[in-house]
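Chains as they are written, first to last, in my numbering: chain Y, 235 to 712; chain G, 235 to 712.
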């Protein structure tokens, strides 16, 4: 086992067992838990260990101690929290201007002296990319000379082969020649937009959506048409149909699954329905599959391109969320427009760095990626679970929150009138960073919402910071 | 001394001495050279060595053997070759559409089975980047974990510091915070154009100019206003002044020195005059300084930004031509528009790969870069010299060619009516690649011109290929 992921202490495992009983309804809110002594005997552990487990459960708000009576399952289980409402963005295209507030947030989000609830970037420790780094070290030592050339603008052939092979496992038949390596998913999105849109065009997107995507639209002079989106099931197909009937839309840009910030997952049937609508209006789909590999279940959702292989779809993705944010290796896979796509890549950055691509190809070939994915899916699922519990016990009673089945962000919706910008200002003063909801739209909505990132190793500081945000939210609503 | 640059053989040194005598006018075309025997005695070398030196000089077209009479300095010394005429592009802005022919050429230029006179990319062997690669291997081994994060969108702080320190040596005071690391110079140009232009705008450029730059303009929907450019001294200041008086130009994009394909060097006085004109019309200058470090003389030309520190200039450059094409590390330095520049970088590719930047910073800190530059300057100067000699003895008499004092490309101008596209088709059939002149303009000019790259190790194949191109040109003109 990796040095950085030692077995959890015994009391933690015991506490997790209790939590599972509650999650499965075998222990219900208000029920009395075994006494510490009985618990210790039941599990054959020392009294100290049992006390530690109960303390942890108390800290997490799973159990509460009642004086002279023992421990009880807390009444406010996070299972009772309602989901945020489906969004209802205005039915018109907006010009985009989000850069300034985004940079203000990012300056704090990247500063380790702030609690890391801001950036949706896995911490380096969690990703444990040492194996990948060893491949890079070896490549630089062994291959340096041969790779000190402008790479093929398409990118390293072996890496494209590996990506093609992985796609095939999801039923997505894209040959290596159909894959283009990019400088992260952001460049892939730029290329996809450059071959499907012209400045002034309108692009249909989910609402709320990732602020970095809004920045791309802003920089390209594109207008955003935000679509009603359900926090569980994704974009509203009828609303999409209606919107496309009303105005010309140059492209539709959707997260394949576990979008940022909602974490919604679009099931296969809905994906088919979406493609049917887009095909009818001849609108190309740009799909961002960057979170697809971080599915908490066993079934990794299939991208649109796998479900509708003949449709006009440009798939964009990267390794930045799963293994190597620092390598900046993304890709794009399309079944048409190859020449335009290559010309766009050439005009944007000529080609990508050669050795990191070669190292990534070697790493994928070595087979370490799947074991890695299994590990981090569990970690992120656990982080989301923990954070939901802390939110549940700390935030005002009528706070809604998402229950994502993948990714590593949580979206909170507080009562109307709540101002997450004010919460943000106060939190920053206390060295806690998160992203206020207003950054996830080109319009003026989501001021009562906020995004918390669960992408860092869970520790007391993260837990304390979420709890403190809850207290601050209480104060703001008082 | 590096293993890859052993001392040249004695006969080569002797031959170089003879060439110098000719270049300095002490031996003039038509004069008789010493006999081989006298030459051997004069230098105290064996007869074999003297014969080798004379054979080399003969091969290079410096000396010619006349039967029963001995060796003579060839009549057609390259010193007599005329320079190409200053360009006279049409005085109107053109839409740009060069992508298709460019890709056709690049597919051959990157294929090692073709003689490498196409791509202006130094061969990996010449660059000898093993030291840099060792730094990368070490960084991946030692720092991997700490660098597996999204880098600051500005780029690695140490690298920016090193670039800032190097700029200062040229009198260019740009603080590290004013430097932005990019994915090669191409991304830097994209960012510079994105903060100074909108689609449909006109950009003033040199003519002829690098086709990759034309592709960037094409992708951004910009129009090109090509300026008359002298192959020695650069862009015509009066013509620039006149052009700016006639129409709105959003930005002017010039190579600081040794532009591609002319190799022209703009002296300081002309740089001042250009900035004065641009400032009067409030036109920002984007300068591409990518070849500035490959100056054959001791004086590395100063970029515009060093000469006019308060003017509105965005300097773009990279390490791709001097040490690491495969690393794709470029940069941009500006004294204003910092926020917009950062937003543009963020929207294009978020940030650059972290470890290659760190490795480059370590390499620069280690002080190896300057020794490296001294070595490759000499190699490229020698390559240019050799190629000029072969062109001189192989191409039709009225072929003009540039005499660059930096960089590694030669520009040939054949008589009007010569069609370098036809030459290109025939050359490709014989597995020789070069770039026909028509790719260096958005208009229809330069069909009688071509660019030869001298960026590869000089060898018999390169020499033979240039000679063969000359024969083919003779055939085409016959």
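All C-beta atoms in this analysis are idealised placements derived from N, C-alpha and C, irrespective of residue type, glycine included. Note that this is a predicted model, so its numbers are computed, not measured.
Per DSSP, what are the beta-bridge partners of residue i in this structure?
| i | result |
| --- | --- |
| residue 564 (chain Y) | Y:416, Y:552 |
| residue 640 (chain G) | G:529 |
| residue 300 (chain G) | G:304 |
| residue 520 (chain G) | G:487, G:548 |
| residue 635 (chain G) | G:646 |
| residue 666 (chain G) | G:349 |
| residue 468 (chain G) | G:464 |
| residue 266 (chain Y) | Y:306 |
| residue 757 (chain Y) | Residue coverage of chain Y in this structure runs from 235 to 712, which leaves residue 757 (chain Y) outside it and unanswerable. |
| residue 327 (chain G) | G:459 |
State the start and end residues of the unbroken beta strand (DSSP E) segment that holds residue i.
| i | result |
| --- | --- |
| residue 658 (chain G) | It is not in any beta strand (DSSP E) - residue 658 (chain G) instead sits in the alpha helix (DSSP H) that spans 654-663. |
| residue 452 (chain G) | First-last for residue 452 (chain G): 445-453, but that is the alpha helix (DSSP H), not the beta strand (DSSP E). |
| residue 489 (chain G) | 485-489 |
| residue 438 (chain G) | 436-440 |
| residue 683 (chain Y) | 683-687 |
Nearest CA to the CA of residue i: which residue from the options?
| i | options | result |
| --- | --- | --- |
| residue 495 (chain G) | G:687, G:409, G:332 | G:687 |
| residue 568 (chain Y) | Y:558, Y:616, Y:398 | Y:398 |
| residue 487 (chain Y) | Y:610, Y:548, Y:520, Y:556 | Y:520 |
| residue 323 (chain Y) | Y:274, Y:477, Y:384 | Y:477 |
| residue 193 (chain Y) | Y:337, Y:343, Y:316 | Any question about residue 193 (chain Y) goes unanswered here, given that chain Y covers just 235 to 712. |
| residue 618 (chain G) | G:638, G:501, G:656, G:275 | G:638 |
| residue 535 (chain G) | G:483, G:508, G:302, G:498 | G:498 |
| residue 591 (chain G) | G:653, G:654, G:267, G:378 | G:378 |
| residue 244 (chain Y) | Y:343, Y:511, Y:278 | Y:278 |
| residue 615 (chain G) | G:694, G:529, G:575, G:645 | G:529 |
| residue 574 (chain Y) | G:326, G:336, G:246, G:265 | G:336 |
| residue 359 (chain G) | G:661, G:644, G:683, G:559 | G:559 |
| residue 532 (chain G) | G:608, G:287, G:242, G:661 | G:608 |
| residue 606 (chain Y) | Y:557, Y:654, Y:652 | Y:557 |
Output the distance between the C-alpha atoms of residue i and residue j, rounded to the nearest integer angstrom.
| i | j | result |
| --- | --- | --- |
| residue 432 (chain Y) | residue 538 (chain G) | 34 Å |
| residue 248 (chain Y) | residue 355 (chain Y) | 30 Å |
| residue 403 (chain Y) | residue 599 (chain Y) | 15 Å |
| residue 223 (chain Y) | residue 348 (chain Y) | Examination of residue 223 (chain Y) is not possible in this model, given that chain Y is present from 235 through 712 alone. |
| residue 613 (chain Y) | residue 587 (chain G) | 25 Å |
| residue 290 (chain Y) | residue 603 (chain G) | 56 Å |
| residue 648 (chain Y) | residue 700 (chain Y) | 15 Å |
| residue 621 (chain G) | residue 272 (chain G) | 29 Å |
| residue 668 (chain Y) | residue 550 (chain Y) | 26 Å |
| residue 319 (chain Y) | residue 674 (chain G) | 57 Å |
| residue 553 (chain G) | residue 522 (chain Y) | 32 Å |
| residue 677 (chain G) | residue 295 (chain G) | 36 Å |
| residue 304 (chain G) | residue 707 (chain G) | 30 Å |
| residue 253 (chain G) | residue 628 (chain G) | 18 Å |
| residue 237 (chain Y) | residue 665 (chain Y) | Because residue 237 (chain Y) sits at a pLDDT of 41, beneath the cut-off of 50, its placement in the model cannot be relied upon, and the point is left open. |
| residue 632 (chain Y) | residue 444 (chain Y) | 25 Å |
| residue 299 (chain Y) | residue 281 (chain Y) | 17 Å |
| residue 302 (chain Y) | residue 269 (chain Y) | 11 Å |
| residue 429 (chain G) | residue 596 (chain G) | 31 Å |
| residue 527 (chain G) | residue 671 (chain G) | 25 Å |
What are the start and end residues of the alpha helix (DSSP H) that includes residue i?
| i | result |
| --- | --- |
| residue 676 (chain Y) | Careful: residue 676 (chain Y) lies outside any alpha helix (DSSP H) and carries neither H nor E. |
| residue 395 (chain Y) | 391-403 |
| residue 707 (chain G) | 694-711 |
| residue 460 (chain G) | That residue, residue 460 (chain G), is in no alpha helix (DSSP H); its beta strand (DSSP E) goes 457-461. |
| residue 292 (chain G) | 281-293 |
| residue 594 (chain Y) | 588-600 |
| residue 407 (chain G) | Where residue 407 (chain G) is concerned, there is no enclosing alpha helix (DSSP H), given that its DSSP letter is neither H nor E. |
| residue 496 (chain G) | No alpha helix (DSSP H) contains residue 496 (chain G), which DSSP labels as neither H nor E. |
| residue 574 (chain Y) | 572-583 |
| residue 509 (chain Y) | 502-514 |
Is it true that the stretch 448-467 of chain Y meets the stretch 419-438 of chain Y, where meeting means three or more beta-carbon pairs spaced less than 8 Å apart? yes
For the stretch 506-516 of chain Y against the stretch 527-546 of chain Y, are there 3 or more C-beta pairs whose distance is under 8 Å? yes
Is the stretch 361-369 of chain Y in contact with the stretch 416-425 of chain G, if contact means three or more CB pairs nearer than 8 Å? Put simply, the stretch 361-369 of chain Y does not touch the stretch 416-425 of chain G. Fewer than three CB pairs are less than 8 Å apart.
Sufficient close CB pairs (3 or more, under 8 Å) joining the stretch 558-566 of chain Y to the stretch 578-587 of chain G: yes
Count the C-beta pairs between the stretch 466-474 of chain Y and the stretch 376-384 of chain Y that are closer than 8 Å, then say yes if the count reaches three, no if not. Contact between the stretch 466-474 of chain Y and the stretch 376-384 of chain Y is not established, with fewer than three Cβ pairs separated by less than 8 Å.
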